[in-house]
Amino acid sequence: MADTQLVLALGARKVTADEVAAPFIKEILETTSSLPSDARPKLVGFLANSDPAAVKYAQWTGKTFQRDGLNFELRQVEPDDLERALEEANADTSVHGIMIYYPVFGKRPSFHGGSYDDALRDTVSLAKDVEGMNHFYRRTMYRNQRFVDSEQARKCVLPCTPLAVVKVLEHLGAYDDQHPVGNRMSGKVVTVVNRSEVVGRPLAAMLANDGATVYSVDIDSTYVFRRGKVEPVPAEATTESCVRQSDVVVLAVPSDKYKMDPSWVKEGAIVVNVASHKNIDENALLSTRPGVRYVPAVGKITIAMLERNLIRLQQNFKGSGRLVWDSSIGCVAPAPDH
Numbered sequence: 022m023a024d025t026q027l028v029l030a031l032g033a034r035k036v037t038a039d040e041v042a043a044p045f046i047k048e049i050l051e052t053t054s055s056l057p058s059d060a061r062p063k064l065v066g067f068l069a070n071s072d073p074a075a076v077k078y079a080q081w082t083g084k085t086f087q088r089d090g091l092n093f094e095l096r097q098v099e100p101d102d103l104e105r106a107l108e109e110a111n112a113d114t115s116v117h118g119i120m121i122y123y124p125v126f127g128k129r130p131s132f133h134g135g136s137y138d139d140a141l142r143d144t145v146s147l148a149k150d151v152e153g154m155n156h157f158y159r160r161t162m163y164r165n166q167r168f169v170d171s172e173q174a175r176k177c178v179l180p181c182t183p184l185a186v187v188k189v190l191e192h193l194g195a196y197d198d199q200h201p202v203g204n205r206m207s208g209k210v211v212t213v214v215n216r217s218e219v220v221g222r223p224l225a226a227m228l229a230n231d232g233a234t235v236y237s238v239d240i241d242s243t244y245v246f247r248r249g250k251v252e253p254v255p256a257e258a259t260t261e262s263c264v265r266q267s268d269v270v271v272l273a274v275p276s277d278k279y280k281m282d283p284s285w286v287k288e289g290a291i292v293v294n295v296a297s298h299k300n301i302d303e304n305a306l307l308s309t310r311p312g313v314r315y316v317p318a319v320g321k322i323t324i325a326m327l328e329r330n331l332i333r334l335q336q337n338f339k340g341s342g343r344l345v346w347d348s349s350i351g352c353v354a355p356a357p358d359h
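Convert by adding 21 to the 1-based position in the sequence shown; the result is the number in our numbering.
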């Protein structure tokens with residue numbers, strides 16, 4: 022029996038990661054082709070677990086970097102040796118970027134406070150933190166500080182997956198370039214389902230800092246993010262009521278058991294599935310919700326952002342030795358020669 026072709030609702034369409042990533046890949050290839058082979062930046066990825074998803078991501082990263090003319094080295098280490106290996110890579114001038122494939126210790130507490138995985142994130146030098154997840158970049162992101170230096174010549178890097186979602190929204194016109202930078206999501210309502218420290222929370226903050234009202238939904242609570250503020254939603258608010266008013270819905274639940282009801286999604290909305298599992302029935306969404314744009318995965322865009330971050334770090338800190346922190350302005354600068 023022949024497969025029945027899906028009949029899309031009026032104006033609905035599926036948007037591939039390839040479509041969104043294409044201009045960034047072109048930009049990356051132009052940059053790398055202009056550099057001598059021995060001057061191209063190098064990323065070192067540290068794998069200290071046997072998680073199949075992490076192994077697959079590492080393999081995918083290596084193939085993409087080879088295609089795009091960038092250097093990638095995967096180092097497999099035992100979890101208890103990872104902190105020392107990170108310090109060695111921080112001091113290695115041939116390494117321009119460092120990333121860690123999480124989880125390593127999961128929720129295991131650190132002697133320094135918080136989780137051990139959080140402590141590992143803070144071990145990575147800000148000059149090499151390609152994921153933008155150490156304390157310096159978390160601080161600048163949440164405070165909406167967009168540059169590393171007081172001269173505003175060197176942009177901060179941002180977490181790769183949240184940044185990939187932003188690029189999706191820019192590509193699909195959710196960002197209004199008639200408004201100034203920092204206000205291009207003004208008037209938009211977004212629901213992000215997941216409040217992890219790696220994806221959901223930073224994405225909510227980034228979109229709020231661009232002017233959106235963001236409902237951040239997690240397993241036991243919902244909060245609303247507005248620029249610089251987080252507040253609980255009214256007691257009568259539900260996930261459904263948040264989604265029904267949203268121009269953008271981001272699904273990032275790492276479970277195949279979570280499925281959003283497609284009928285909640287309003288006509289013309291953008292739905293982005295970030296999770297490795299499909300958090301919504303794609304066919305039901307595209308066949309019943311007129312004008313919806315659905316992005317089923319962002320992995321290829323995420324790796325393009327990883328590559329851009331690596332190139333940015335090399336450009337930001339090329340020739341810099343020690344860095345000094347100016348707490349009065351929240352910026353860094355090369356240490357003066359003595």
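Yeah, the Cβ is synthetic: ideal placement off N, Cα and C, and Gly gets one too.
| Item | Value |
| --- | --- |
| Quick check on this structure: which residue in His298, Ala258, Cys177 and Pro100 has the alpha carbon closest to the alpha carbon of Asp277? | His298 |
| Looking only at C-alpha atoms, which of Arg247, Leu224 and Val213 sits nearest to Ile240? | Val213 |
| So, at 8 Å on beta carbons, what are the nonlocal neighbours of Asn92 in its own chain, with the 5 sequence-adjacent residues on each side left out? | Arg61, Pro62, Lys63, Leu64 and Phe86 |
| For Arg175 and Val169, which I take to be in contact (beta-carbon distance under 8 Å), what is that distance rounded to the nearest angstrom? | 4 Å |
| Which of the three DSSP states, helix, strand or coil, is assigned to Met365? | Residue 365 lies beyond the residue range present for the chain, which begins at 22 and ends at 359; the question has no answer from this structure. |
| Use the C-beta contact count for Ala311: other C-beta atoms within 10 angstroms, 16 or more gives buried, fewer gives exposed. | Here the sequence assigns Pro to residue 311, which means Ala is not the residue at that position. Its Cβ having fewer than 16 others within 10 Å, Pro311 is exposed. |
| Can you name the residues that DSSP bridges to Gly118? | Leu64 |
| Look at the alpha carbon of Arg105 and the alpha carbon of Ala258, and state the distance between them as a whole number of angstroms. | 47 Å |
| Counting only the same chain and skipping the five closest in sequence on each side, list residues whose C-beta sits under 8 Å from that of Val189. | Val36, Val41, Ile291, Val293, Val316, Val319 and Ile322 |
| If Leu361 sits next to Ile121, beta carbons under 8 Å apart, how far is it from one beta carbon to the other, in whole angstroms? | The chain is shown only over 22 to 359; residue 361 falls outside these bounds and no answer can be derived. |
| In whole angstroms, give me the CA-to-CA distance for Leu306 and Gln335. | 42 Å |
| Since Cys69 and Val125 should fall inside the 8 Å C-beta cutoff, what is the C-beta to C-beta distance between them, to a whole number of angstroms? | Before going on, a small fix: residue 69 reads as Ala here, not Cys. Correct: roughly 5 Å between the Cβ atoms. |
| In the DSSP output, which residue or residues are listed as bridge partners for Asp150? | Ile119 |
| Grab me the residues of Leu224's own chain with a C-beta within less than 7 Å of its C-beta, minus the 5 sequence neighbours each way, in chain order. | Pro183, Val186, Val213 and Val271 |
| Who does Leu272 pair with in a DSSP beta bridge? | Val214 and Asn294 |
| Hey, Ala195 and Val269: beta-carbon distance below 8 Å or not? | yes |
| Within the continuous beta strand (DSSP E) that includes Tyr236, where are the two ends? | Thr234 to Val238 |
| I'd like the list of long-range same chain contacts for Leu50, defined as Cβ closer than 8 Å, with 5 residues on each side in sequence excluded. | Asp89 and Gly90 |
| On a Cα-Cα basis, can you pick out the residue from Gln166, His133 and Tyr123 that is closest to Pro73? | Tyr123 |
| With H, G and I counted as helix, E and B as strand and the rest as coil, what does DSSP make of Arg329? | helix |
| Short check: CB of Phe246 to CB of Ala229, under 8 Å? | yes |
| If I measure Cβ to Cβ from Gly118 and keep anything under 6 Å in the same chain, skipping five residues before and after, which residues do I get? | Leu64, Lys149, Val151, Leu331 and Leu334 |
| For my contact list, Ser308 and Leu27 are in at a C-beta cut-off of 8 Å; report their separation, rounded to the angstrom. | 6 Å |
| Which of the three DSSP states, helix, strand or coil, is assigned to Tyr244? | strand |
| Strictly under 8 Å for the Cβ-Cβ distance: is Val28 near chain B by that measure? | Although the question refers to chain B, the structure presented lacks it and comprises just one protein chain. |
| Between which residues of its own chain and Val220 is the CB-CB distance below 7 Å, once the five residues before and five after are set aside? | Thr182, Pro183, Ala273 and Val295 |
| Taking Pro253 as part of the beta strand (DSSP E), name the residues at either end of that continuous run. | Lys250 to Pro253 |
| Just how far apart, CA to CA, sit Arg129 and Asn155? | 18 Å |
| What number of angstroms, rounded off, separates the C-alpha of Arg34 from the C-alpha of Ile301? | 15 Å |
| Tell me which same chain residues have a C-beta within less than 7 Å of the C-beta of Pro253, skipping the five on either side of it? | Tyr244 |
| Shortest alpha-carbon distance to Val145 belongs to which of Phe67, Lys250 and Val251? | Phe67 |
| From Met22 to Asn304, what does the alpha carbon distance come to, in whole angstroms? | At Met22, the pLDDT of 44 sits below 50, so the modelled position is not reliable; the number obtained from the coordinates is stated separately. Using only the alpha carbons, I get a separation of about 19 Å. |
| Starting from the N-terminal side, write out each stretch of the alpha helix (DSSP H) that is 4 residues or longer and does not extend beyond the stretch 73-149. | 73-89, 103-112 and 137-144 |
| Tell me the DSSP bridge mates of Phe168? | Lys176 |
| Where do the ends of the beta strand (DSSP E) carrying Val316 lie? | Arg314 to Val316 |
| Output the boundary residues of the alpha helix (DSSP H) element that contains Leu306. | Glu303 to Thr309 |
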